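In my numbering, the protein residues as written are 83 to 163.
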């Protein structure tokens with residue numbers, strides 16, 4: 083197994099765990115942990131895709147990671163926290 087395969091597998095596992103925890107009702111899609119898992123998983127998958135020069139997936143995962151990163155720092159309306 084190549085290094086890029088190990089990195090991609092790690093990222094996919096993180097994304098799937100977040101998704102499954104959300105479906106099971108254990109992790110809200112609005113939680114910081116969910117967003118962090120999506121950021122790390124998508125970033126990892128994007129990096130692995132870059133390593134193998136598969137650029138359409140680099141774009142997809144980069145956008146996914148950016149959206150997750152933005153949601154980590156978003157303050158809900160009506161709050162000051």
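Backbone N, C-alpha and C define an ideal beta-carbon position, used for all residues, glycine too. If you're wondering where the values come from, they're calculated on a predicted model, not measured in any experiment.
{"Asked": "DSSP three-state assignment for residue 136, whether helix, strand or coil", "Found": "coil"}
{"Asked": "Same chain, Cβ closer than 7 Å to residue 147, neighbours up to 5 away in sequence not counted", "Found": "121, 124, 125, 128"}
{"Asked": "Rounded distance between the beta-carbons of residue 145 and residue 119, thought under 8 Å", "Found": "Going by Cβ atoms, the distance from residue 119 to residue 145 rounds to 17 Å, so no, they are not a contact pair."}
{"Asked": "Segment contact, 8 Å Cβ cut-off, at least three pairs: the segment 133-142 with the segment 85-99", "Found": "yes"}
{"Asked": "Inter-residue CB distance, residue 150 and residue 110 (contact presumed, cutoff 8 Å)", "Found": "Rounded, the Cβ-Cβ distance is 14 Å, inconsistent with contact."}
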